[in-house]
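S.K.:
Numbering (UniProt numbering), first residue to last: 1 to 237.
Laid out in structure tokens, this is it:
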């Protein structure tokens, strides 16, 4: 059977892509998590250290790419940095494709509207001769959020960086009430309902694709106009 690799951060978008792939009957045999060293054009950055716990709960083997594998430190152009950031992911996929036990058919990705990310991932798939499964791509963001809630995803906001999002959002559950508030903020400030412009980042602590919930203990860290949660402890219930 052909195998799939899910590009996975543990955030809501990559988790939804994984969940939809499993629902479609794709044989996802690996999760691939990239740990950026700092700010990134290509990757979800906060709390990726929790990916191993999420993978254990999902029950799929995790492959991790560390910051040491990046070669984008001396690049000051966004496009060039995006290309450089993609190289360690592509190298990891090439290594997986060379594994005799894995017949790599494609990857899943959680891109919603970012052509910057999607064009690069599609080009990478073309180079590797594999398919891209991107079930969120150009879908209505409100419908996507509601589908996540209806499926039973428990999503926590772990980072915010946008006008209208204050410290009270750190650790808040991303649910129907939060979505209503975000839609009001969209009217006032242009906040994207899924945080697609980097306004907020999330982590999925439970869902129908997971055997055990991730229990988080954290401290909110607020830095004037943005903030994140500092994870003190994380474990599977």
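Just so you know, even glycine gets a beta-carbon here, dropped at the ideal spot from N, CA and C.
Kindly give me the distance between the Cβ atoms of residue 152 and residue 207, rounded to whole angstroms, as I take these residues to be in contact under 8 Å.
M.R.: The residue given as residue 152 occupies position 152 in the chain shown. The residue given as residue 207 occupies position 207 in the chain shown. So it is a contact: roughly 6 Å between Cβ atoms.
S.K.: Ordered along the chain, which non-local residues of its own chain (more than five positions away) have a Cβ less than 6 Å from that of residue 122?
M.R.: In the chain shown, counting from the first residue as 1, residue 122 sits at position 122. Only 132 meet the Cβ criterion.
S.K.: State the Cα-Cα distance for the pair residue 205 and residue 156, rounded to the nearest angstrom.
M.R.: Sequence index remark: in the chain shown, residue 205 carries index 205 (1-based). Sequence index remark: in the chain shown, residue 156 carries index 156 (1-based). Rounded to whole angstroms, residue 205 to residue 156 spans 7 Å at the Cα level.
S.K.: Can you round the beta-carbon distance between residue 2 and residue 100 to whole angstroms, since I take them to be within the 8 Å contact cut?
M.R.: Position 2 of the chain shown holds residue 2. Position 100 of the chain shown holds residue 100. Actually they are not in contact, since the Cβ atoms of residue 2 and residue 100 sit about 14 Å apart, beyond 8 Å.
S.K.: Any chance the region 138-148 sits against the region 208-225, with 3 or more Cβ pairs inside 8 Å?
M.R.: Touching, no.
S.K.: Report the residue from 139, 167, 217 and 85 whose alpha carbon sits nearest the alpha carbon of residue 116.
M.R.: Stepping through the chain shown from its first residue, residue 116 is reached at position 116. It is 85.
S.K.: Mind checking which residues open and close the beta strand (DSSP E) that includes residue 138?
M.R.: Counted from its first residue, the chain shown places residue 138 at position 138. It is not in any beta strand (DSSP E) - residue 138 carries neither H nor E in the DSSP assignment.
S.K.: Residue 166 to residue 200, Cα distance in whole Å?
M.R.: Start at 1 with the first residue of the chain shown, and residue 166 comes out as number 166. Start at 1 with the first residue of the chain shown, and residue 200 comes out as number 200. The straight-line gap from Cα to Cα measures roughly 11 Å.
S.K.: For residue 106, is the classification buried or exposed, using 16 other Cβ atoms within 10 angstroms of its Cβ as the cut-off for buried?
M.R.: Counting from 1 along the chain shown, the entry for residue 106 is found at position 106. Buried is the call here.
S.K.: For residue 17 and residue 118, which I take to be in contact (beta-carbon distance under 8 Å), what is that distance rounded to the nearest angstrom?
M.R.: Here residue 17 is taken as the residue at index 17 of the chain shown, counted from 1. Here residue 118 is taken as the residue at index 118 of the chain shown, counted from 1. Going by Cβ atoms, the distance from residue 17 to residue 118 rounds to 12 Å, so no, they are not a contact pair.
S.K.: Note down the Cα distance separating residue 186 from residue 98, rounded to an integer number of angstroms.
M.R.: Taking the first residue of the chain shown as 1, we reach residue 186 at position 186. Taking the first residue of the chain shown as 1, we reach residue 98 at position 98. Going from the Cα of residue 186 to the Cα of residue 98 covers about 46 Å.
S.K.: Among residues of its own chain, excluding the 5 on either side of residue 114, which ones have a beta-carbon nearer than 8 Å to its beta-carbon?
M.R.: Here residue 114 is taken as the residue at index 114 of the chain shown, counted from 1. The answer, listed in chain order, is 196.
S.K.: In or out: residue 184 buried (at least 16 other Cβ within 10 Å) or exposed?
M.R.: Translated into positions along the chain shown, residue 184 becomes position 184. Residue 184 is exposed by the Cβ-count criterion.
S.K.: Taking the C-alpha atoms as reference points, what is the distance between residue 189 and residue 170?
M.R.: The residue given as residue 189 occupies position 189 in the chain shown. The residue given as residue 170 occupies position 170 in the chain shown. Whole-angstrom Cα-Cα distance: 18 Å.
S.K.: Tell me the DSSP bridge mates of residue 6?
M.R.: Position 6 of the chain shown, counted from the first residue, corresponds to residue 6. Bridge partners of residue 6: 31 and 108.
S.K.: Which residue wins for smallest C-alpha separation from residue 8, given the options 24, 25 and 29?
M.R.: Position 8 of the chain shown, counting from 1, holds the residue named residue 8. The option with the nearest alpha carbon to residue 8 is 29.
S.K.: Helix, strand or coil for residue 174, going by three-state DSSP, please let me know.
M.R.: For the purposes of this step, residue 174 is taken as the residue at position 174 of the chain shown. If DSSP states are grouped into helix, strand and coil, residue 174 belongs with coil.
S.K.: Expressed to the nearest angstrom, what Euclidean distance is found between the alpha-carbon atoms of residue 41 and residue 160?
M.R.: One-based indexing of the chain shown puts residue 41 at position 41. One-based indexing of the chain shown puts residue 160 at position 160. Since pLDDT at residue 41 reaches only 43, below the 50 mark, its modelled position is unreliable, and the value read off the structure follows with that caveat. Cα to Cα, the separation comes out at about 16 Å.
S.K.: In chain order, what residues of the same chain lie with their CB nearer than 6 Å to the CB of residue 215, ignoring the 5 residues before and after it?
M.R.: Counting from one through the chain shown, the residue named residue 215 turns up at place 215. For residue 215, where only same-chain residues beyond five positions count, the Cβ hits under 6 Å are 235 and 237.
S.K.: Give a yes or no on whether 8 Å exceeds the smallest Cβ distance from residue 196 to chain C.
M.R.: Here chain C cannot be found, since the structure has a single protein chain.
S.K.: Over the uninterrupted alpha helix (DSSP H) stretch that includes residue 54, give me the two end residues.
M.R.: Along the chain shown, read from residue 1 onward, the residue named residue 54 stands at position 54. Its alpha helix (DSSP H) spans residues 51-58.
S.K.: Roughly how many whole angstroms lie between the Cα atoms of residue 90 and residue 124?
M.R.: Translated into positions along the chain shown, residue 90 becomes position 90. Translated into positions along the chain shown, residue 124 becomes position 124. Cα to Cα, residue 90 sits roughly 7 Å from residue 124.
S.K.: Beta-carbon within less than 7 Å of residue 217's beta-carbon, same chain only, minus the 5 sequence neighbours each way: which residues are those?
M.R.: Taking the first residue of the chain shown as position 1, residue 217 is located at position 217. Cβ neighbours of residue 217 beyond the five flanking positions: 232 and 233.
S.K.: Can you tell me where the beta strand (DSSP E) with residue 62 in it begins and where it stops?
M.R.: To locate residue 62, count along the chain shown from 1; it is residue 62. Here the beta strand (DSSP E) through residue 62 covers 61-65.
S.K.: Starting from residue 161 and walking both ways along the alpha helix (DSSP H), at which residues does that stretch end?
M.R.: Locating residue 161 in the chain shown gives position 161, counting from the first residue. From DSSP, residue 161 is part of no alpha helix (DSSP H); its letter is neither H nor E.
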